[in-house]
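Participant:
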Amino acid sequence: MSRGGFRQLKLLQTASQWQQACQARSSKSILLSQTDVHADAQLNRYRDYLGHEFESVFLDCHNGINADAICALCGTVIGGGQLIIYLPHEPSAMRERLHYFANKYFPQNQLQKRQKSTSQKEFDDAIVGLQTLQKELIDEAFSKNPIHTHIIIAERGRGKSTLLGKVLSQVSNASPNVDFVVTAPRKANAQVLLKNAPNTTFKAWDKLLEQPSKEEKWLIIDEAAGIPLWATEQLCEKFTPWLLATTVSGYEGCGRGFAIHFQDWAKQEFLRVKSHQLNTPMRWPLNDPLEQWLTDCFLMDESPVLPDPGLADGQFLEYAADMSESTLRQCFQLLLNAHYQSSPNDLNLLLSDSLHRLAYTRKNGEIIAVAWLIQEGPLAPELHTGILEGRRRPKGNLLPQAIGYFLQQPWALSARWLRVARIAVPEHERHKGNASQLLDFIAQHPKHSAIDKFGTSFAWEPGVANFWETNGFVPWRISHRLDSVSARPAAIYVKTASSDNASIHDIHQWAHAEHQWLSESKACIPDDLNQPHLAQLLVDAYLKERIPFDAAHFALAVFYKNKRPTDRLTTLLAMPTLSLKELASYLGCSSKQQANVKLRKDTAQLV
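Once you know that position 589 of the sequence shown is 588 in numbering that gives the first Met the number 0, the rest is easy, because the numbers rise by one and skip nothing.
1. Suppose you measure from the CA of leucine 533 to the CA of proline 575; what does that come to, to the nearest Å?
2. Would histidine 98 and leucine 11 be called neighbours here (beta carbons separated by less than 8 Å)?
3. In three-state terms, what does DSSP make of isoleucine 69?
4. From leucine 555 to tryptophan 229, what does the alpha carbon distance come to, in whole angstroms?
5. So glycine 164 is in the alpha helix (DSSP H); what residue range does that whole segment cover?
6. For alanine 196, decide whether its Cβ has a neighbour in chain D, counting only Cβ atoms nearer than 8 Å.
7. Go through its chain and collect everything with a Cβ distance to leucine 528's Cβ below 8 Å, but skip five positions before and after it.
8. Going by alpha carbons, who is nearest to isoleucine 83 out of Ser168, Gly403, His61, Pro461?
9. Determine which residues share a DSSP beta bridge with valine 607 and list them.
10. Would you kindly check if the distance between the Cβ of leucine 542 and the Cβ of alanine 594 is under 8 Å?
11. Output the residue ranges of the alpha helix (DSSP H) runs that lie fully inside the segment 362-441 and measure 4 residues or longer, sorted by chain position.
12. Ignore the nearest five residues each way along the sequence and tell me which others in leucine 670's own chain have a CB closer than 6 Å to its CB.
13. Can you name, in chain order, every residue of its own chain whose Cβ lies under 7 Å from the Cβ of tryptophan 516, other than the five neighbours on each side?
14. By how many angstroms is the C-alpha of glutamine 233 removed from the C-alpha of proline 211?
15. Quick check for students: name the residue ranges of the alpha helix (DSSP H) that lie wholly in the segment 255-297, counting only runs of 4 or more.
16. Could you tell me if glutamine 408 is buried or exposed, where buried requires 16 or more neighbouring beta carbons within 10 angstroms of its beta carbon?
17. Taking only the alpha-carbon atoms, compute the straight-line gap between serine 174 and phenylalanine 141 and give it to the nearest angstrom.
18. Can you round the beta-carbon distance between leucine 242 and isoleucine 152 to whole angstroms, since I take them to be within the 8 Å contact cut?
19. If we count the other Cβ atoms within 10 Å of its Cβ and call it buried at 16 or more, is alanine 68 buried or exposed?
20. Below 8 Å on the Cβ atoms is my contact criterion, and I expect alanine 401 with isoleucine 491 to pass it. Report the Cβ-Cβ distance as a whole number of Å.
21. Report the option in Tyr48, Val424, Leu58 whose CA atom is closest to the CA atom of histidine 37.
22. Under 8 Å Cβ to Cβ from serine 55, same chain only, skipping five residues before and after it: list those, please.
23. For valine 166 versus isoleucine 137, is the C-beta spacing smaller than 8 Å?
24. Measuring CB to CB, does leucine 378 end up less than 8 Å from asparagine 396?
25. Thinking alanine 71 and arginine 46 are a contact (beta carbons under 8 Å), I'd like their distance in whole angstroms, please.
26. Closer than 8 Å by C-beta to proline 531: which residues in its own chain qualify, once you throw out the five before and the five after it? Chain order, please.
27. In terms of residues, what are the limits of the beta strand (DSSP E) holding lysine 216?
28. Please list, in chain order, all residues of the same chain as lysine 431 whose beta carbon is under 7 Å from its beta carbon, the five residues on each side excluded.
29. Any idea which residues DSSP pairs arginine 356 with across the strands?
30. In angstroms with no decimal places, state the Cα-to-Cα distance between valine 369 and leucine 350.
31. Less than 8 Å between the C-beta atoms of threonine 569 and tyrosine 559, yes or no?
32. What first and last residue would you give for the alpha helix (DSSP H) that runs through serine 448?
33. Identify the continuous alpha helix (DSSP H) that holds proline 240 and give its terminal residues.
34. Based on the DSSP output, what are the partners of glutamine 18 in its beta bridges?
35. Assuming threonine 616 is part of the beta strand (DSSP E), what are its boundary residues?
36. Answer yes or no: do arginine 637 and isoleucine 450 have a C-beta to C-beta separation smaller than 8 Å?
So this is what it looks like as structure tokens:
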């Protein structure tokens with residue numbers, strides 16, 4: 000197997016440099032840009048090219064650095080190829096970081112010397128290791144013993160997809176009575192696997208979920224971290240999970256947390272699980288400077304960061320761009336490992352957006368708690384009406400917009416909010432109060448004295464909710480819809496304060512009652528719920544087509560209970576599991592849209 004030479008990097012600053020580079024590109028390259036009419040695809044379509052191979056990859060980032068695209072497509076550049084990035088003209092911490100590590104790993108006078116220092120023996124050993132693993136997987140499949148679920152984890156370019164394809168090809172050709180199925184986030188992501196196993200059936204993962212369970216069907220998943228974790232778990236329960244391979248570092252989907260969460264789950268669910276780690280690159284030489292540049296730029300190194308005893312202990316609030324490299328690495332690694340929805344763009348935000356800060360606790364040189372904080376609001380007055388009416392949804396400002404829109408609270412759009420986007424503690428430091436103490440530090444910090452409300456958003460589950468409630472946060476909104484990645488409802492919790500007025504307490508009571516109603520999944524509208532103003536606000540917003548049925552459902556249930564307590568429609572609306580499709584059937588409507596129209600018309604007569 001030939002890997003070619005070291006891969007190269009070009010960071011371009013001017014339009015003329017970019018045009019000149021693009022004009023010289025070969026047919027075995029790809030150009031992604033949001034604005035260039037000659038591009039092969041838009042930059043935000045980068046996921047479609049995972050699993051491909053190119054001599055050169057051109058990324059037009061001059062309107063903003065897309066860290067997810069850079070990390071994902073860097074792995075598609077073959078040995079001897081190059082990655083060319085057109086950077087923004089405006090300086091930023093992220094842009095300077097790209098340049099800093101480029102200067103470190105691409106010094107012109109050392110490049111040839113480094114190229115000759117590659118260890119052929121280590122590469123040959125890795126080839127033997129892959130062949131041994133391939134034989135092990137094939138032999139087990141042909142044995143009479145129950146198969147293991149094999150989880151294969153590797154950085155890009157390590158040969159995992161080729162391995163899967165070769166194993167699958169040999170086993171499937173010799174096993175005509177066994178049903179094999181391959182899936183991936185997109186069919187294009189399994190291109191290398193399917194090339195090595197051309198007779199294999201590929202099925203989209205969402206279509207597979209619709210099929211009946213069949214233990215006789217052996218499941219193979221490539222790029223598993225790009226599929227929602229809940230979906231991967233369901234697929235493994237429906238079929239026999241055989242080979243699951245994924246890249247974790249720098250992934251734009253579930254990322255490194257996928258490996259942690261999924262492996263823990265698999266070991267609990269299945270009796271026979273084996274994990275394999277592929278470390279040596281197959282598509283480029285060892286010590287490839289482009290891979291080293293990428294790893295350091297985007298903090299993708301999974302090796303533990305050693306504590307730095309030279310740094311002071313205590314609690315701190317800082318911009319990421321002002322941190323030492325050691326502290327930034329510790330904080331970011333904690334956030335990545337604790338949350339399975341992570342992205343390289345997270346680092347870009349932390350470094351470049353002045354509304355984002357990190358609060359952390361250091362003890363004996365080790366970060367034992369970290370929180371990602373985002374300042375939100377106030378929004379410009381000219382946006383308020385559009386947001387309240389559901390016509391505008393400016394990027395960012397999650398808390399004020401969600402409270403303003405879903406609860407129809409105009410004041411929320413003028414308030415100054417502080418949101419805890421994520422909070423994490425190392426496993427060996429959990430259940431010691433570290434996270435709670437950090438929250439107290441954040442709430443009392445002088446830089447937050449002008450903040451009106453302190454809140455958080457997360458995928459609701461009992462353990463996480465209990466943590467926030469223990470720290471004085473209460474639910475203000477629990478979505479009726481499940482998040483597509485976590486399969487849990489999105490929750491917004493806000494910290495109570497002695498200065499809260501009556502209307503704030505009304506929101507507390509309303510949200511608590513709605514949450515109980517949703518949690519118990521049965522008709523249990525509290526008799527003592529006395530929030531006519533809030534219920535009327537939400538019903539009016541539904542009648543004016545500002546908010547959808549699911550956002551108004553609880554308010555409609557309360558409203559009908561007060562207006563028509565014995566009506567059959569009241570009983571139906573009191574069920575939290577009621578869908579628009581079921582409502583349409585009851586109302587004799589042929590579509591969900593017609594059901595909304597009829598319900599609005601009937602409700603308007605009662606107002």
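Think of the CB as a built atom: it goes at the ideal place given N, C-alpha and C, for glycine as much as any other residue.
For clarity, every value in this text was computed on a predicted model and none was experimentally measured.
Facilitator: According to the structure shown:
1. As a position in the sequence shown, residue 533 is number 534, starting the count at 1. As a position in the sequence shown, residue 575 is number 576, starting the count at 1. Whole-angstrom Cα-Cα distance: 18 Å.
2. Counted from its first residue, the sequence shown places residue 98 at position 99. Counted from its first residue, the sequence shown places residue 11 at position 12. If you check the CB distance, histidine 98 and leucine 11 do not come in under 8 Å.
3. Translated into positions along the sequence shown, residue 69 becomes position 70. In the structure shown, isoleucine 69 sits in a helix (DSSP, three-state: H, G or I).
4. Sequence index remark: in the sequence shown, residue 555 carries index 556 (1-based). Sequence index remark: in the sequence shown, residue 229 carries index 230 (1-based). Roughly 31 Å between the two C-alpha positions.
5. Here the question's residue 164 lines up with position 165 in the sequence shown. Taken as a continuous stretch (DSSP letters only), the alpha helix (DSSP H) holding glycine 164 covers 159-172.
6. The chain inventory of the structure shown lacks chain D, comprising one protein chain alone.
7. On the sequence shown, position 529 is the one that residue 528 refers to. Beyond the five residues adjoining it in sequence on each side, leucine 528 comes within less than 8 Å, by CB distance, of Gln508, Trp509, Ala512, Val557 in the same chain, given in chain order.
8. Mapped onto the sequence shown, residue 83 falls at position 84. Here the closest residue by C-alpha is His61.
9. The chain is shown only over 0 to 606; residue 607 falls outside these bounds and no answer can be derived.
10. Here residue 594 corresponds to residue number 595 of the sequence shown, with the count starting at 1. Here residue 542 corresponds to residue number 543 of the sequence shown, with the count starting at 1. Taking 8 Å as the Cβ cut-off, alanine 594 and leucine 542 do not qualify as a contacting pair.
11. Restricting attention to alpha helix (DSSP H) runs no shorter than 4 residues, the segment 362-441 encloses them at 380-387, 397-405, 410-413, ordered along the chain.
12. Within the shown structure, residues of the chain are numbered from 0 to 606, placing residue 670 beyond reach of any answer.
13. As a first step, residue 516 must be located in the sequence shown, where it is residue number 517. Once the five neighbours on either side are set aside, the close Cβ partners of tryptophan 516 are Cys523, Ile524, Phe553, Pro575.
14. What you label residue 211 is simply residue 212 of the sequence shown in a count that begins at 1. What you label residue 233 is simply residue 234 of the sequence shown in a count that begins at 1. Rounded to whole angstroms, proline 211 to glutamine 233 spans 12 Å at the Cα level.
15. Within the segment 255-297, the complete alpha helix (DSSP H) runs of at least 4 residues are 255-268, 288-296.
16. Counting from one through the sequence shown, the residue named residue 408 turns up at place 409. Around the C-beta of glutamine 408, 16 or more other C-beta atoms lie within 10 Å, and the residue is accordingly described as buried.
17. Translated into the one-based positions of the sequence shown, residue 174 becomes position 175. Translated into the one-based positions of the sequence shown, residue 141 becomes position 142. Answer to the nearest angstrom: the Cα atoms are 9 Å apart.
18. One-based indexing of the sequence shown puts residue 242 at position 243. One-based indexing of the sequence shown puts residue 152 at position 153. The pair is not a contact, with the Cβ atoms about 12 Å apart (cut-off 8 Å).
19. On the sequence shown, residue 68 is found 69 positions in, with the first residue counted as 1. The residue is buried, with at least 16 neighbouring Cβ atoms inside 10 Å.
20. As a position in the sequence shown, residue 401 is number 402, starting the count at 1. As a position in the sequence shown, residue 491 is number 492, starting the count at 1. Yes, they are in contact, since the Cβ atoms of alanine 401 and isoleucine 491 sit about 6 Å apart, within 8 Å.
21. On the sequence shown, residue 37 is found 38 positions in, with the first residue counted as 1. Taking only the C-alpha atoms, the option nearest histidine 37 is Leu58.
22. The residue you call residue 55 lines up with position 56 of the sequence shown. Same-chain partners within the cutoff: Arg24, Ser25, Lys27, Ser28, Ile29, Val76, Gly80, Gln81, Leu82, Ile83.
23. Position 167 of the sequence shown, counting from 1, holds the residue named residue 166. Position 138 of the sequence shown, counting from 1, holds the residue named residue 137. In contact: valine 166 and isoleucine 137 (Cβ atoms closer than 8 Å).
24. Taking the sequence shown and counting its residues from 1, one reaches residue 378 at position 379. Taking the sequence shown and counting its residues from 1, one reaches residue 396 at position 397. Yes, these two residues count as a Cβ contact at 8 Å.
25. If you number the sequence shown from 1, residue 71 lands on position 72. If you number the sequence shown from 1, residue 46 lands on position 47. Going by Cβ atoms, the distance from alanine 71 to arginine 46 rounds to 7 Å, so yes, they are a contact pair.
26. By 1-based counting over the sequence shown, the position of residue 531 is 532. Result list for proline 531: Asn561, in chain order.
27. As a first step, residue 216 must be located in the sequence shown, where it is residue number 217. Lysine 216 -> beta strand (DSSP E) spans 216-220.
28. Position 432 of the sequence shown, counted from the start, is the residue given in the question as residue 431. Excluding residues within five positions, none has a Cβ falling inside 7 Å.
29. Numbered from its first residue, the sequence shown carries residue 356 at position 357. Answer is Leu372.
30. For the purposes of this step, residue 369 is identified with residue 370 of the sequence shown, where counting begins at 1. For the purposes of this step, residue 350 is identified with residue 351 of the sequence shown, where counting begins at 1. A direct Cα-to-Cα measurement between valine 369 and leucine 350 gives close to 16 Å.
31. On the sequence shown, position 570 is the one that residue 569 refers to. On the sequence shown, position 560 is the one that residue 559 refers to. Result yes, Cβ atoms of threonine 569 and tyrosine 559 sit closer than 8 Å.
32. Residue mapping note: residue 448 aligns to position 449 of the sequence shown, counting from 1. It is not in any alpha helix (DSSP H) - serine 448 carries neither H nor E in the DSSP assignment.
33. As a working note, residue 240 is residue 241 in the sequence shown. Run containing proline 240: none in the alpha helix (DSSP H); it sits in the beta strand (DSSP E), 239-245.
34. Within the sequence shown, the letter at position 19 stands for residue 18. Note: glutamine 18 sits in no beta bridge, so no partner.
35. Since the displayed the chain opens at 0 and closes at 606, residue 616 lies outside it and no answer follows.
36. Lying outside 0 to 606, the shown extent of the chain, residue 637 is not represented and no answer is given.
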